[in-house]
Structures are given as C-alpha cells and as structure tokens.
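I have placed the structure first, in the form of structure tokens, so that the comments after it can refer back to it.
Numbering (my numbering), first residue to last: 1313 to 1419.
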C-alpha cells in the first residue's frame, strides 16, 4: 500500500482544535521544535471547517508529547493530563486515517 492511498487531510472536532491550539501556544513559548507550523494551522482551523493536513496533526501531536515530557515535573497533574489527552487524541485521529480500509473481498 502506498502513501497515496492515505487521506491527506482530516477533520477534527472544534473543541479538540481549540485545545490543541492552546497547548501548542505553550509549546511555542517553550520553544519546542516544530510547534510553529501546527500552531498557525490550528489557529486558522475554524476557517477551514477544522480540516487539517494529516502531517500537521501528526506534528502537533509530537510537539504536545514533547511539551508534556518537558513540563512533567513543573506543572499540575491535571494540566499534564490535559496536554497528554489532546496529544493522544490527535495521534489517534492520524492513526485512524492511516489504517488501511478493510474490504469484503478479503473476507
């Protein structure tokens, strides 16, 4: 299966996009590498009906996991859980898009 068979964009719930943008702002302030591009995309997500490139969502998830790692000892547990939860939601959305679709012909 080639990468061309995967979707190039995905649509996320508005609440996930808003939360991701908030956490990405924190990542950008802490100068997490690569946080700038997804931050801009998530800020502008409402203009595109919350449809984002899969690669940007994947990059955002990675940045948020880096943020969680870097702040694990300095933030409240609830804030850490919130960051990790959003990162995992983004990662799960990417993985769902990248799973090959099963068809009846294989069964």
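Don't be surprised by glycine CBs; every beta carbon is placed ideally from N, CA and C.
Exposure label - residue i; buried when at least 16 CB within 10 Å
{"i": "residue 1320", "result": "exposed"}
{"i": "residue 1385", "result": "exposed"}
{"i": "residue 1353", "result": "buried"}
{"i": "residue 1395", "result": "buried"}
{"i": "residue 1350", "result": "buried"}
{"i": "residue 1358", "result": "exposed"}
{"i": "residue 1327", "result": "exposed"}
{"i": "residue 1401", "result": "buried"}
Start-to-end residues for the beta strand (DSSP E) that takes in residue i
{"i": "residue 1363", "result": "1363 to 1365"}
Residues that residue i bridges to, as DSSP identifies them
{"i": "residue 1322", "result": "1364"}
Residue from the options with nearest C-alpha to residue i
{"i": "residue 1372", "options": "1343, 1403 and 1407", "result": "1403"}
{"i": "residue 1345", "options": "1408, 1374 and 1361", "result": "1374"}
{"i": "residue 1336", "options": "1380, 1366 and 1409", "result": "1380"}
{"i": "residue 1399", "options": "1360, 1323 and 1333", "result": "1333"}
Endpoints, the alpha helix (DSSP H) within which residue i is located
{"i": "residue 1345", "result": "Looking at the DSSP string, residue 1345 is not in any alpha helix (DSSP H), and its letter there is neither H nor E."}
{"i": "residue 1385", "result": "No alpha helix (DSSP H) holds residue 1385; DSSP gives it neither H nor E."}
Presumed contact (8 Å Cβ cut-off) between residue i and residue j, rounded CB distance
{"i": "residue 1382", "j": "residue 1355", "result": "Not a contact, Cβ separation roughly 22 Å."}
{"i": "residue 1376", "j": "residue 1339", "result": "7 Å"}
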